[in-house]
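K.L.:
Structure below; questions to follow.
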Amino acid sequence: MIIPLSEPEAPAASTSCWATLTPEAKCERVLAAAGEVFAAHGLEAPMSEVAAAAGSGMSSVYRRFPSKHELLAALVIRRMEQIAAAARDAEATAGDRWSALRTMLHSIVERQAADDFMGEARARVADHSEVQAATRKAEAALERLLVAARDEGRLRPDATTLDLRLLFAATRAAKRVEPEQWPRMLELMLDALEAR
Numbered sequence: 046m047i048i049p050l051s052e053p054e055a056p057a058a059s060t061s062c063w064a065t066l067t068p069e070a071k072c073e074r075v076l077a078a079a080g081e082v083f084a085a086h087g088l089e090a091p092m093s094e095v096a097a098a099a100g101s102g103m104s105s106v107y108r109r110f111p112s113k114h115e116l117l118a119a120l121v122i123r124r125m126e127q128i129a130a131a132a133r134d135a136e137a138t139a140g141d142r143w144s145a146l147r148t149m150l151h152s153i154v155e156r157q158a159a160d161d162f163m164g165e166a167r168a169r170v171a172d173h174s175e176v177q178a179a180t181r182k183a184e185a186a187l188e189r190l191l192v193a194a195r196d197e198g199r200l201r202p203d204a205t206t207l208d209l210r211l212l213f214a215a216t217r218a219a220k221r222v223e224p225e226q227w228p229r230m231l232e233l234m235l236d237a238l239e240a241r
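Rendered as structure tokens:
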């Protein structure tokens, strides 16, 4: 079974007092608030908006994430970890890894459609060592899934993780041209990856 890519549920600022939260819950709330703020206002949104959305003070945010760069890195690392986990789950699917790959890619692209800022965030923190490590792990998990799908004869033999990166870029671009048509771009890209 493939686990959908979703963010952990963060407590709403209005229902839980910041002071009563555990350190882990505070971190989760800041990450969830940052995702919402950056999705709505772009990466130039100030950290003060993130703090307000989290229901915390600026100093509380900066204690957990000393800079916006570190906050963006944490969001990207989380996404890479989710992608790696989804790829491992898809690879573990017995019998039809092509269908598991398609389902996983649809889930990733659907999530990407909801938080389009993530591609830009990843580019901004590409030099971060933990982002690089998380990216390598995600790419390795995706490569193992591609090998399994190729071995079943459903994925074209020359498909690589670069093709998946191109798929993600193409669907992001499609969203900017025709926001509701990213599923069509995804289907066209998946069709191009299927073995003939």
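Note that the sequence shown covers residues 46 to 241 in our numbering. We put the CB at the ideal spot given by N, CA and C, even for glycine. The structure displayed is predicted, hence computed values, not measured ones.
Using 8 Å as the Cβ pair cut-off and three pairs as the minimum, do the region 95-110 and the region 122-138 touch?
P.N.:
no
K.L.:
Tell me whether Arg181 is buried or exposed, calling it buried when 16 or more other Cβ atoms sit within 10 Å of its Cβ.
P.N.:
Exposed: under 16 other Cβ atoms inside 10 Å.
K.L.:
Given that a residue counts as buried once 16 or more other Cβ atoms are within 10 Å of its Cβ, and exposed if not, what is His173?
P.N.:
Its Cβ being crowded by 16 or more others within 10 Å, His173 is buried.
K.L.:
Quick check on the DSSP output: the alpha helix (DSSP H) that includes Pro68 runs from which residue to which?
P.N.:
From DSSP, the alpha helix (DSSP H) with Pro68 extends over Pro68 to His86.
K.L.:
Quick one, are the C-beta atoms of Thr216 and Gln157 less than 8 Å apart?
P.N.:
yes
K.L.:
Let's test the definition: count the other Cβ atoms within 10 Å of the Cβ of Val222 and tell me whether it reaches 16, buried, or not, exposed.
P.N.:
Result: exposed.
K.L.:
Out of Leu238, Ala214 and Ala237, which one is the CA nearest neighbour of Trp227?
P.N.:
Nearest option by C-alpha distance: Ala214.
K.L.:
What's the call for Gly80, buried or exposed, on a 16-neighbour Cβ count within 10 Å?
P.N.:
buried
K.L.:
Using DSSP with H/G/I as helix, E/B as strand and the rest coil, what is Glu25?
P.N.:
Residue 25 is absent from the model: the chain starts at 46 and stops at 241.
K.L.:
Where are the beta strand (DSSP E) runs, 3 residues long or more, that stay fully inside the region 151-208, in chain order?
P.N.:
Listed in chain order, there is nothing to give.
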